[in-house]
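Before any comments, here is the structure.
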Amino acid sequence: MTDERRPETPAESEGTTGLFTALGKMVKLLRERKGLTQREFGERVGYGPDAISAMERGVRVPRPELLEKADELLDAGGLLTAALPEVREAMSRARTRHPEWYRSYAGLEAEAVSLYDYSTMGVLGLLQTETYARAVFTQRHPPLDEETIERRVTDRLSRQQLFERWPPPECSFVMEQAVLERPIGSVEVHADQLRRLLRIGRLRNVQLQVMPTKRHEHPCLDNSFTLLTPKGREQVAYLESQGYPRLITDREEVRILAGRYGIIRAQALNPHESLDLIEKTLEEL
Numbered sequence: 136m137t138d139e140r141r142p143e144t145p146a147e148s149e150g151t152t153g154l155f156t157a158l159g160k161m162v163k164l165l166r167e168r169k170g171l172t173q174r175e176f177g178e179r180v181g182y183g184p185d186a187i188s189a190m191e192r193g194v195r196v197p198r199p200e201l202l203e204k205a206d207e208l209l210d211a212g213g214l215l216t217a218a219l220p221e222v223r224e225a226m227s228r229a230r231t232r233h234p235e236w237y238r239s240y241a242g243l244e245a246e247a248v249s250l251y252d253y254s255t256m257g258v259l260g261l262l263q264t265e266t267y268a269r270a271v272f273t274q275r276h277p278p279l280d281e282e283t284i285e286r287r288v289t290d291r292l293s294r295q296q297l298f299e300r301w302p303p304p305e306c307s308f309v310m311e312q313a314v315l316e317r318p319i320g321s322v323e324v325h326a327d328q329l330r331r332l333l334r335i336g337r338l339r340n341v342q343l344q345v346m347p348t349k350r351h352e353h354p355c356l357d358n359s360f361t362l363l364t365p366k367g368r369e370q371v372a373y374l375e376s377q378g379y380p381r382l383i384t385d386r387e388e389v390r391i392l393a394g395r396y397g398i399i400r401a402q403a404l405n406p407h408e409s410l411d412l413i414e415k416t417l418e419e420l
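Below, the structure written as C-alpha cells:
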C-alpha cells in the first residue's frame, strides 16, 4: 500500500511539529548529560524505553506529567515545564492520525472506557515495542517502502498513549501461547517485547492472560478480534483478516463475539499464572 494517502499528524495539522521536536531534543540532551540511558530514564519517570525514544525523536507528544518529572530529575531548572501551556493546548486539539480505513476505529479506541482483545498470531499493536512493530512492518509482503514503515510504526506507538490516560480504561488482553513463543525480529527484540508484556500486565487497570496451546477445547478458532466500549456509547467490535478491516456495530454480532470472549477468558490461564509463564518464557530465551 505504498500509494496510501498520508494523514496529517496532530502536530502537523496544528503547526506544533517544531515544539515537540525541540522538546524531544532538549530531553535527550539533558538525559545524556545526566548519564542515563533511555531505559534508565524511562524507569524513573514511569515510561518504557520505546516511549522515551519516540518522544525524543519528536514523534510522540510528551505528556505534561512526564515533562514535570523530567524537569526535576534532569535538573532542567524550569526549561521543560515552561512549555506546559503550549503542550496542553496542542493535546486538547490533537486529532487521530491513521489511514483512512482505520480512522473510525482509532477514534473509538482513543476514547474507550474498556478494551478487550484476543490475539492469535502476534502481539497486539497496543502492546508492541517499537522494535517489534518495526519488525512486523518490515517483514510484511508485498514489501512496504521505508517511509511507510516509519509512518506506521510512529502511528502505532502514538496509540499507546491510551495507557497514560486518567482515569485509565479497563483493559483485558488474552493471547495464544504461540504468540509468546514466536521470536519476531530476533531473540533480543522478542525478549524486549516479553518484558513490555510483563510491565503492561502489572498495571492495575490491565488483566493479561495466556491461552495455553494444550487446551483441548476452544470457543474461537477463527480470528483475532477486539471489543471496545467508547465513552457514553455501546460496545463495538473490530477484526481484520488479510488486510481487510471490519468495524462491527450490529448488536447481535457484538453480543456473539462478547460471549466468545468471555469463554476464552475463562479457559485461559489467570493473570498471575500468565505472568509467570511469560517470565518463564523470557528466562528460557
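Using our numbering, the letters of the sequence shown map in sequence onto residues 136 to 420.
Backbone N, C-alpha and C define an ideal beta-carbon position, used for all residues, glycine too.
Own chain residues within Cβ distance below 7 angstroms of residue i, not counting five before or after
{"i": "Arg223", "result": "Pro199"}
{"i": "Arg195", "result": "Ala186, Ala189, Leu292, Ser293"}
For residue j and residue i, the rounded distance between their alpha carbons
{"i": "Pro406", "j": "Met346", "result": "11 angstroms"}
{"i": "Ile391", "j": "Leu374", "result": "13 angstroms"}
{"i": "Leu420", "j": "Leu333", "result": "15 angstroms"}
{"i": "Ala217", "j": "Trp301", "result": "23 angstroms"}
{"i": "Tyr176", "j": "Leu158", "result": "According to the sequence shown, residue 176 is Phe rather than Tyr. So the two alpha carbons sit approximately 16 angstroms from each other."}
{"i": "Gly193", "j": "Gly181", "result": "19 angstroms"}
Check whether residue i and residue j have beta carbons under 7 angstroms apart
{"i": "Tyr267", "j": "Gly320", "result": "yes"}
{"i": "Arg395", "j": "Pro354", "result": "yes"}
{"i": "Arg179", "j": "Leu208", "result": "yes"}
{"i": "Arg386", "j": "Val309", "result": "no"}
{"i": "Asp252", "j": "Thr361", "result": "yes"}
{"i": "Ser359", "j": "Ser254", "result": "yes"}
{"i": "Leu421", "j": "Gly336", "result": "Missing from the structure shown is residue 421; the chain here goes from 136 to 420 and no further."}
Closest Cα partner of residue i within the set the options
{"i": "Glu285", "options": "Glu265, Gln296, Arg300, Thr172", "result": "Glu265"}
{"i": "Phe155", "options": "Thr172, Glu191, Glu167", "result": "Glu191"}
{"i": "Pro318", "options": "Gln377, Val271, Val196", "result": "Val271"}
{"i": "Ile398", "options": "Glu418, Glu388, Val371, Glu352", "result": "Glu352"}
6 angstroms Cβ shell around residue i - same chain, five flanking residues per side excluded
{"i": "Lys160", "result": "none"}
{"i": "Leu421", "result": "With the chain covering 136 to 420 only, the question about residue 421 has no answer from this structure."}
{"i": "Leu215", "result": "Leu202, Ala205, Asp206"}
{"i": "Gln312", "result": "Val345, Pro347, Thr348"}
{"i": "Met136", "result": "Low per-residue confidence applies at Met136: pLDDT is 36, beneath 50, and the placement is therefore not dependable enough to give any value."}
Same chain, Cβ closer than 8 angstroms to residue i, neighbours up to 5 away in sequence not counted
{"i": "Glu316", "result": "Thr416"}
{"i": "Gly213", "result": "Asp206"}
{"i": "Val389", "result": "Leu362, Glu369, Gln370, Val371, Ala372, Ile383"}
- Query: Is the number of C-beta pairs between the stretch 261-279 and the stretch 287-299 that are closer than 8 angstroms three or more?
  - Reply: yes
- Query: Can at least three beta-carbon pairs, one atom from the stretch 294-309 and one from the stretch 241-261, be found at a separation below 8 angstroms?
  - Reply: yes
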